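Q:
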Amino acid sequence: MKGFVVDLKKAKNEDMIARILTKDSISSYYRFFGARHSILQIGYLIDFELEDKHSSFMPRLRNLSHIPFSWIFDKNRLLLWHKFIMLFGTHLKGIDDIDSFYFDIILESAKKWDKQNPKRIICESYLEILECEGRLHYPDKCYICELELGEKISLMHSFLPAHSECIYGASIQKSKIIDFFKTRSTLRLEDDEIEYLYNIIMKGF
């Protein structure tokens, strides 16, 4: 089996509980002496087998191997990757059966991670998540007061649109956000605008 490690928790002694996202599931597995194994890191794509798959206790991981990407030794890219993947762990908490969309979007992001600005990849991937989950709202009315928006808007969690004065937030050109939503591309956004969107995403999916 192949999957991304999206969460890690310490168990007794040096054992670990790893939450792993595969094509069709997201499940927790036990790993004896997991703290000693560098393979178990948040964001890593691993190949693994399971022991005691049908027991009443948590299945155990065995025969782990890391499937690395070329950028893995770039500390800045790796740090951003960890932050990105941790958001999936939180967002998908309490879910067992899952659509392959989430695994696929992480894999596609990983393949582009050293070719583009990672923050731009995060913004574009998050937009796909919002669309897939039916949570993408085009900026026509303020989510707070329900009045029409002007040329400049603020964005809340899930990129929900609002007046700057309604949420006391920084603003961005509405036309640029509409273009971003339509094209699914950050090409026309400046770096400071990407930073604005990135900071919203980092508060949670």
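Sequential numbering of the sequence shown, starting at 1, is according to my numbering. We put the beta carbon where it would ideally sit given N, CA and C, even for glycine. In this text, all values refer to a predicted model and were calculated from it rather than measured experimentally.
1. To the nearest angstrom, report how far apart Ser25 and Arg135 are at their CA atoms.
2. Across which residues does DSSP place Gly3 in a beta bridge pair?
3. Starting from Leu8, follow its DSSP beta bridges and name the residues at the other end.
4. Any chance the region 102-112 sits against the region 3-23, with 3 or more Cβ pairs inside 8 Å?
5. Could you check which residue in Arg31, Arg19 and Ile121 has the C-alpha nearest to that of Asn13?
6. Are Met86 and Ile42 closer than 8 Å when you measure CB to CB?
7. Would you mind working out which of Phe73, Phe84 and Leu45 sits nearest Ser65, comparing C-alpha positions?
8. Consult DSSP for Asp191 and reduce its assignment to one of helix, strand or coil.
9. Go through its chain and collect everything with a Cβ distance to Arg60's Cβ below 8 Å, but skip five positions before and after it.
10. Who does Lys141 pair with in a DSSP beta bridge?
11. Output the boundary residues of the alpha helix (DSSP H) element that contains Tyr168.
12. Check each candidate in Lys174, Phe4, Ile144 and Ser185 and name the one with the smallest Cα separation from Tyr168.
A: Once the coordinates are examined:
1. For the pair Ser25 and Arg135, the Cα-to-Cα distance works out to about 22 Å.
2. Its beta-bridge partners are Ile46.
3. Answer is Ala18.
4. The answer is yes - the region 3-23 touches the region 102-112, with three or more Cβ pairs under 8 Å.
5. Across the set Arg31, Arg19 and Ile121, the C-alpha of Arg31 shows the shortest separation from the C-alpha of Asn13.
6. Going by beta carbons, Met86 and Ile42 fall inside the 8 Å limit.
7. Closest by alpha carbon: Leu45.
8. Three-state result, Asp191: helix.
9. Within the same chain, Arg60 has close Cβ partners Tyr29, Tyr30, Arg31, Phe32, Leu50, Glu51 and Asp52.
10. DSSP, once it has assigned bridges, lists Glu148 as partnering Lys141.
11. Premise fails: Tyr168 is in no alpha helix (DSSP H) and is neither H nor E.
12. Checking every option, the nearest Cα to that of Tyr168 belongs to Ile144.
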